[in-house]
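Let me begin by presenting the structure, written as C-alpha cells, before commenting on it.
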Amino acid sequence: MAWSDLVAGLAFYLIIEGLLPFASPHGWRRGLALLAQLEDGRLRSFGLGLVITGLGLLLVVRG
115 MAWSDLVAGL AFYLIIEGLL PFASPHGWRR GLALLAQLED GRLRSFGLGL VITGLGLLLV
175 VRG
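Here's what the structure looks like:
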C-alpha cells in the first residue's frame with residue numbers, strides 16, 4: 115500500500131463526512147443529538163459494527 119492510497123482514503127472519508135452537514139444541517143444536528151443520548155455500551159457496539167463493516171469491505175476490495 116502506498117502513501118497515496120492512504121491519503122486518497124482520507125480524502126474520500128472527508129468528502130463522505132462532509133456531505134450530510136452540507137446537504138442537511140438540521141438532520142445532521144438531529145442525528146448527532148440522538149447519538150449523544152445513547153448509552154456508552156450501545157455507542158461502543160455501534161462503533162464496533164462500523165469498524166467490522168469497514169474492515170470487511172476493505173478485505174473484499176483489497177482481496
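Straight run, no breaks: the sequence shown in the working numbering ends on number 177.
By construction, the Cβ of each residue, glycine as well, lies at the ideal position given by its N, Cα and C atoms.
- Message: Rounded to the nearest angstrom, what separates Leu124 and Leu146 at their Cα positions?
- Response: In the sequence shown, counting from the first residue as 1, residue 124 sits at position 10. In the sequence shown, counting from the first residue as 1, residue 146 sits at position 32. If you draw a straight line from the Cα of Leu124 to the Cα of Leu146, it is about 22 angstroms long.
- Simplified DSSP assignment, three categories, for Ser118: The residue labelled residue 118 in the question sits at position 4 within the sequence shown. Reduced to three states, the DSSP call for Ser118 is helix.
- Task: Assuming Leu157 and Leu149 form a contact by the criterion Cβ under 8 angstroms, report the distance between their Cβ atoms to the nearest whole angstrom.
- Result: Numbered from its first residue, the sequence shown carries residue 157 at position 43. Numbered from its first residue, the sequence shown carries residue 149 at position 35. Contact holds; Cβ gap of about 7 angstroms.
- Do you know how far the Cα of Asp119 is from the Cα of Thr167? Along the sequence shown, read from residue 1 onward, the residue named residue 167 stands at position 53. Along the sequence shown, read from residue 1 onward, the residue named residue 119 stands at position 5. Rounded to the nearest angstrom, the gap between the Cα atoms of Thr167 and Asp119 is 19 angstroms.
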